[in-house]
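Below: the structure, in structure tokens.
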Amino acid sequence: MISMKRILNGGMAALALVATALGAAPVQAQEEFPFGFVMTLDVARMPGSKRIPSIEVGDNGEVILELWCDGGKGQFSVAGNTIVFVPGAMENRSCTPDRAQADKDLLTALGDTTSWRRQGDQVTFVGSKQLRFVINSN
4 MISMKRILNG GMAALALVAT ALGAAPVQAQ EEFPFGFVMT LDVARMPGSK RIPSIEVGDN
64 GEVILELWCD GGKGQFSVAG NTIVFVPGAM ENRSCTPDRA QADKDLLTAL GDTTSWRRQG
124 DQVTFVGSKQ LRFVINSN
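Basically our numbering = 1-based index in the sequence shown + 3.
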């Protein structure tokens, strides 16, 4: 027969293990998606350009895009940490071939986005490629 002391010692050990595990992994609350803000892609400028892509996300997920050359509209749908981007009409501006390709690559990466995370003023979109944006706080 198992003694009461052994049961209590085993229970206390299990309780200590659970308490240690909970203390070692603090729970972090997911910050809210930055609806109503402008975000700038966290990259260096392309040689010979002053532009850096930015997205303005409206309160209902509508997006105004300014890419390396072109601009346009789109839509974000957000549920928890899941996100879907659907591009809309794009303006076809006079772009150099390298900027036109960079715009196409960025739109493809945004379209492949499946999740997002936010840490302070940084928002990372995760998909085929990670895209990190910084919320403009000015």
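Positions of the beta carbon are idealized from the N, C-alpha and C atoms, including for glycine. Note that this is a predicted model, so its numbers are computed, not measured.
Endpoints, the beta strand (DSSP E) within which residue i is located
i, result
"residue 107", "No beta strand (DSSP E) contains residue 107, which is instead part of the alpha helix (DSSP H) from 100 to 114."
"residue 53", "Run containing residue 53: none; DSSP gives neither H nor E here."
Proximity to residue i [Cα-Cα], best of the options
i, options, result
"residue 51", "72, 41, 95", "72"
"residue 80", "125, 97, 123, 114", "114"
"residue 140", "108, 124, 89", "124"
"residue 55", "41, 133, 61, 95", "41"
"residue 101", "44, 48, 116", "48"
Collapsed DSSP secondary structure at residue i in the structure displayed
i, result
"residue 43", "strand"
"residue 69", "strand"
"residue 125", "strand"
"residue 20", "Its pLDDT being 36, under 50, residue 20 is placed unreliably by the model, and nothing is read from it."
8 Å contact criterion, which residue i and residue j should meet: CB distance rounded
i, j, result
"residue 38", "residue 119", "In fact, because the Cβ distance is near 12 Å, the residues do not count as touching under 8 Å."
"residue 129", "residue 138", "The pair is not a contact, with the Cβ atoms about 17 Å apart (cut-off 8 Å)."
"residue 134", "residue 70", "Residue 134 to residue 70, Cβ: 12 Å. No contact."
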